[in-house]
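Chemist: Next up is a structure, given as structure tokens.
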Amino acid sequence: MTTTRSKCATLSAALMAAGLLTGLPGTAAAQGGARTLTYQILMSEDPIGSEQVEIEPQGERTKVTVTATTRVKVLFINFRYDHKREELWKGGVLESMTATTDDDGTPHRIEMARDAGGYRLTVDGKTRQEPAGTLPLTLWTPQVLKHTQLLSLIDGAPYKVAARKVGAGPVEAGGKSVEAAHHRIEGDVERDLWFAADGTLLKTRFKRSGYDITYVLK
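Numbering follows this note's numbering, in which position 141 of the sequence shown is assigned residue number 141; successive positions increment by one, without gaps.
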């Protein structure tokens, strides 16, 4: 039973670390006015949750609000995951982020703000400094492909990564076939990402605890 619960916890953390949003600040996707998008979360072929993304241009800045919920049942264990996050971007640069997570009853809070030295990061009440080249694991933006150090959206854990382009081709997203560029992040975390030409994340896929996890735009 302990092994099964540990496996569930690892799976749930991975789901939230996917961090799917859309609407890259500074592109047509963000400049066309406020919009809301919904992603379905699948474990293998089974729906286990959803993520709603609200994108609100505010002059030179873009505010992005993410609300995600997953409910997973493995054997006789029910596991829940709830997350809410707000990000503020300017010119393709993250200015601030706040995130709250209920990881099956364990709460976490992250506050991240840009300053002269990079970012001031506070995780569950403990503050540290991060360099300017650091970015949270916000996979909604192609900017994440340019960074070699990412941070967990749950507990601020650092990830060393590298990204490469795999290829291009159509993917099913939003109820239709869309041409997309396929990229892969490798290292401490691994993600396959499909972006549309305007920077919109259409789909991501990864494996965690033996399960295939997919996020896809509805």
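Ideal Cβ positions, reconstructed from N, Cα and C, are used throughout, including at glycine.
1. For residue 176, name the three-state secondary structure that DSSP assigns.
2. Looking at residue 180 and residue 202, is the spacing between their C-beta atoms short of 7 Å?
3. Could you compute how far the alpha carbon of residue 183 sits from the alpha carbon of residue 82?
4. Between 86, 101, 215 and 196, which has its C-alpha nearest residue 205's C-alpha?
5. Using the rule of at least 16 other Cβ atoms within 10 Å of the residue's Cβ for burial, across every protein chain shown, is residue 131 buried or exposed?
6. Assign residue 146 to one of three DSSP states: helix, strand, or coil.
7. What are the residues that DSSP puts in a beta bridge with residue 41?
8. Have a look at 137, 34 and 196 and flag the residue whose alpha-carbon is nearest the alpha-carbon of residue 112.
9. Along the chain, where does the beta strand (DSSP E) containing residue 89 start, and where does it finish?
10. What is the residue span of the beta strand (DSSP E) that residue 189 lies within?
11. List the whole-angstrom C-beta distance separating residue 224 from residue 156, where the pair is believed to meet the contact cut-off of C-beta under 8 Å.
12. Spatial neighbours of residue 96 within its chain, please: C-beta separation below 7 Å, excluding the five flanking residues on both sides.
13. Would you report the Cα separation of residue 141 and residue 46, rounded to the nearest angstrom?
14. The beta strand (DSSP E) that contains residue 60, what's its start and end?
15. If I measure Cβ to Cβ from residue 194 and keep anything under 6 Å in the same chain, skipping five residues before and after, which residues do I get?
Modeler: Short version:
1. strand
2. yes
3. 27 Å
4. 215
5. exposed
6. helix
7. 49 and 215
8. 137
9. 77–90
10. Per DSSP, residue 189 belongs to no beta strand (DSSP E) and is neither H nor E.
11. The chain is shown from 1 up to 218; residue 224 falls before or after that span and cannot be answered.
12. 88, 112, 113 and 114
13. 26 Å
14. That residue, residue 60, is in no beta strand (DSSP E); it is neither H nor E in DSSP.
15. 171, 180, 182, 202 and 203
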